[in-house]
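Structure first, then comments.
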Amino acid sequence: MIEHKKTTNDKAFLIGVHRPGSAREDARTSLDELSGLVSAVRMSEVGRAVLTIKTEHPRYLVGSGRALEMATEAKEAGADFIVFDEELSPSQQRNWDKVSGITTIDRHEIIIDIFARRARSHEAIAQVELARMEYSLPRLTNQWTHLSRQRGGARGTRGEGETQLELDRRQVLRRIARVKRDLEKLAERRETLRRRRTRVPLTTAAVVGYTNAGKSSFIERLTGADIFVANQLFATLDPTTKILELPDLPSILLTDTVGFVRKLPHGLIEAFKSTLEEAVQAQFLIHVVDASNPDMLHQFEVTRRVLAELGAQQPTIVVLNKRDLVAELPVIPATFGEAIPFSCTTGYGLDEVLDRIQQIVRTLFESETYHFPATRHDLAALVHRNGEVMEESFTDDEIRIHARLDEQTRARLEKYRAPRVS
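Printed below as a string of structure tokens:
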């Protein structure tokens with residue numbers, strides 16, 4: 018498996034790509050983000066260039082003359098790595114290695130590397146390993162991989178005429194199949210836990226957003242829970258769920274999710290699909306946006322696009338986080354809806370966020386009237402525990418309650434529901 022070793026002293030020369038029809042400023046902004054990604058793997062930027070490509074060249078992506086010019090510039094800058102903001106084909110990577118004498122990688126490898134550094138749980142580690150192997154498979158060259166050393170007797174199994182490269186590929190494919198099986202089992206376990214959780218009738222909300230937008234800090238501010246918070250890209254890879262208590266409504270579950278980034282490798286989206294399903298399964302979303310980031314609008318659209326691809330179309334609250342870091346908010350487009358300025362540091366906007374959450378929760382709970390036998394105080398207690406009681410009265414024969422209840426509790430108490438008046 019290909020894995021380029023990086024040290025804290027490594028220097029990176031960044032190359033961005035601008036194509037006709039797109040704004041050159043977008044390429045520069047994307048390169049700024051790549052610089053942040055490179056910093057996250059403890060490499061330092063020593064130079065950059067944005068190349069305009071009218072026609073893609075199969076050998077270097079750009080013309081050979083331009084490639085040689087960039088290779089010389091990277092050498093003069095003392096770069097240990099050339100990092101492309103585009104995904105290069107395996108042959109293009111090899112050609113850049115040869116023409117420059119410098120190891121050439123792309124944005125996708127950097128992102129996978131960051132994920133590998135952040136992964137903590139068994140599932141996250143397996144997901145990253147799968148993404149790395151699927152990325153590496155077409156990039157294998159004639160060299161021994163660490164996988165061949167891990168499998169005992171591998172040399173003896175080599176058939177006549179079988180090359181080392183073929184053996185390496187077979188080993189990686191076997192490992193990919195094994196990790197996929199492990200992830201399927203973990204996904205089944207996650208689904209079992211989710212089903213158990215749904216037996217407790219709590220509303221669920223997923224907190225989504227671009228990486229480093231402040232999602233974990235947002236949950237911590239709302240719930241008072243002590244969760245891992247770091248000012249770094251992809252600090253959260255494993256979903257974290259906390260309880261948010263509401264004044265006049267049942268508590269809800271807030272789930273932190275992995276952050277998004279532009280040009281997120283498809284392999285990582287696929288690998289983390291079970292984790293991202295937390296957003297799809299939630300009853301509503303809270304989209305946290307970094308209002309202090311100059312690229313806020315694009316980051317918002319990237320997150321929305323990925324969520325749409327996953328099928329997440331629930332009601333959404335948009336929160337403009339880090340309000341304390343900007344003197345004035347930019348003009349917000351209509352796609353943001355009624356976005357709420359917010360600060361995890363000062364608590365600015367906290368009451369408005371809680372009010373909006375309660376509004377959405379109330380719309381998820383239908384208002385019904387129930388008639389229980391006078392002796393069934395357990396059912397009355399269930400309504401108080403799982404819903405919002407709006408009116409309650411007692412007679413010698415019955416307990417009458419008008420309340421908002423979640424779907425599961427409504428189904429359980431259907432036989433006691435008063436007929437709806439048409």
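According to the numbering used here, the sequence shown is numbered sequentially starting from 18.
From the three backbone atoms N, C-alpha and C, an ideal C-beta is built for every residue, glycine too.
In this structure, what does DSSP give as the bridge partners for residue i?
i: residue 74; result: 78
i: residue 477; result: This structure cannot settle anything about residue 477, because the visible part of the chain is limited to 18 through 439.
i: residue 358; result: 337
i: residue 66; result: 32
i: residue 61; result: 28
i: residue 100; result: 31 and 122
i: residue 269; result: 220 and 261
i: residue 277; result: 227
In this structure, does DSSP put residue i in helix, strand or coil?
i: residue 432; result: helix
i: residue 425; result: helix
i: residue 407; result: strand
i: residue 185; result: helix
i: residue 259; result: strand
i: residue 38; result: coil
i: residue 370; result: helix
i: residue 220; result: strand
i: residue 226; result: strand
i: residue 350; result: coil
i: residue 381; result: helix
i: residue 52; result: helix
i: residue 344; result: coil
i: residue 47; result: helix
i: residue 413; result: coil
i: residue 392; result: coil
i: residue 284; result: helix
i: residue 137; result: coil
i: residue 144; result: helix
i: residue 180; result: coil
i: residue 298; result: helix
In the DSSP assignment, find the beta strand (DSSP E) that holds residue i and state where it starts and stops.
i: residue 239; result: Looking at the DSSP string, residue 239 is not in any beta strand (DSSP E); the run it does join, the alpha helix (DSSP H), is 232-240.
i: residue 115; result: No beta strand (DSSP E) contains residue 115, which is instead part of the alpha helix (DSSP H) from 107-117.
i: residue 123; result: 120-123
i: residue 363; result: Neither: residue 363 is in no beta strand (DSSP E) and is coded neither H nor E.
Residue i: buried (16+ other C-beta within 10 angstroms of its C-beta) or exposed?
i: residue 418; result: buried
i: residue 339; result: buried
i: residue 233; result: buried
i: residue 224; result: buried
i: residue 26; result: exposed
i: residue 248; result: Legend: pLDDT at residue 248 = 49, less than 50; position of this residue unreliable, value from coordinates given subsequently. Its Cβ having fewer than 16 others within 10 Å, residue 248 is exposed.
i: residue 400; result: buried
i: residue 264; result: exposed
i: residue 144; result: buried
i: residue 304; result: buried
i: residue 342; result: exposed
i: residue 137; result: exposed
i: residue 376; result: exposed
i: residue 81; result: exposed
i: residue 313; result: buried
i: residue 254; result: The predicted model places residue 254 with a pLDDT of 46, which falls under 50 and marks its position as unreliable, so this point remains unresolved.
i: residue 185; result: buried
i: residue 430; result: buried
Would you kindly report the start and end of the unbroken alpha helix (DSSP H) that includes residue i?
i: residue 301; result: That residue, residue 301, is in no alpha helix (DSSP H); its beta strand (DSSP E) goes 301-307.
i: residue 325; result: 313-327
i: residue 157; result: No alpha helix (DSSP H) contains residue 157, which DSSP labels as neither H nor E.
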